[in-house]
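J.: Numbering (my numbering), first residue to last: 40 to 230.
C-beta: ideal position from N, C-alpha, C; glycine also.
Below you'll find the structure I mean.
Spelled out as C-alpha cells, the structure:
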C-alpha cells in the first residue's frame, strides 16, 4: 500500500493501545478510490461499488469496527434515527469489516435502511482512509463527510473505540455543504 504510515497508539480501547495504519484524510483531500461490497437485496447477490460511484451526492461516512460491537451498534442506530434530518441529496453509508450478508442480517434485525458497505475482502479501504487497526484487523471508528465532487469536508477520527462521535458536528458539516452550494449559485434577487 502506498500510504503505510503507522500511528502507534493512534487508537485505544480501555487500556489496550492500538496501531492505526494509513494516512488520516484531511479536509480538502479527494476520496481514495476503493472497492467495497454490499448485498443487493433484490437478487441476494454481493455487488461491488466505490464511494466515487455516488459522486453528486453528499455522503456522511460512518466507519465502524463491526456492527456486532456495542458502540458501533449504537452509533449505527443513532445515524439511522438522524437520517431524516439530512437534506435531499445527502446520504449515510456505514462501512465495516463485517461480511455483506452479516450486515444485511443486522440491518433487517434492527430496521436500519441506510446503506452498509463491507471492506472485508482486504485492507485497501483501511489503509487508504487511515483507519486500519493493525492488532484487531478491523477499522478504526471515524466519521467523514464527502461533498458532491468527492472532496472530504469533515473528518473525525475516534481514538477511543468506546466513544461516540460528535453527531452534531457531522450533521453541521453536511448542512454546510448544502449552504455553500446554494450560496455559490446566488439567489434570484441577485440577477
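So, is residue 176 buried or exposed, given that buried needs 16 or more other C-beta atoms within 10 angstroms?
T.: By the neighbour-count rule (16 or more Cβ atoms within 10 Å), residue 176 is not buried but exposed.
J.: Extract the residue ranges of the beta strand (DSSP E) inside the region 88-165, only unbroken runs of 3 or more that lie entirely within it.
T.: For the region 88-165, whole beta strand (DSSP E) runs of length 3 or above, ordered along the chain, are 97-102, 129-135 and 154-157.
J.: Identify, in the order they occur along the chain, each residue of the same chain with its Cβ nearer than 6 Å to the Cβ of residue 182, setting aside the five sequence neighbours on each side.
T.: Correct list, in chain order: 101, 195, 204 and 209.
J.: DSSP on residue 68, reduced to helix/strand/coil?
T.: In the structure shown, residue 68 sits in coil (DSSP, three-state: anything other than H, G, I, E or B).
J.: Which residues share a DSSP beta bridge with residue 272?
T.: For residue 272 there is no data in the structure shown, the boundaries of the chain being 40 and 230.
J.: Counting Cβ pairs, one atom from each stretch, are 3 or more of them under 8 Å apart for the region 131-142 and the region 150-162?
T.: They touch, by the three-pair rule.
J.: What span of residues does the beta strand (DSSP E) with residue 185 cover, start to end?
T.: Element bounds for residue 185: 181-185.
J.: Decide if the region 77-96 is in contact with the region 109-124; the criterion is three or more beta carbon pairs, one per stretch, under 8 Å apart.
T.: The region 77-96, when compared against the region 109-124, does not touch it at the 8 Å Cβ threshold.
J.: Where does residue 82 fall in DSSP's three states?
T.: Here residue 82 sits in coil by DSSP.
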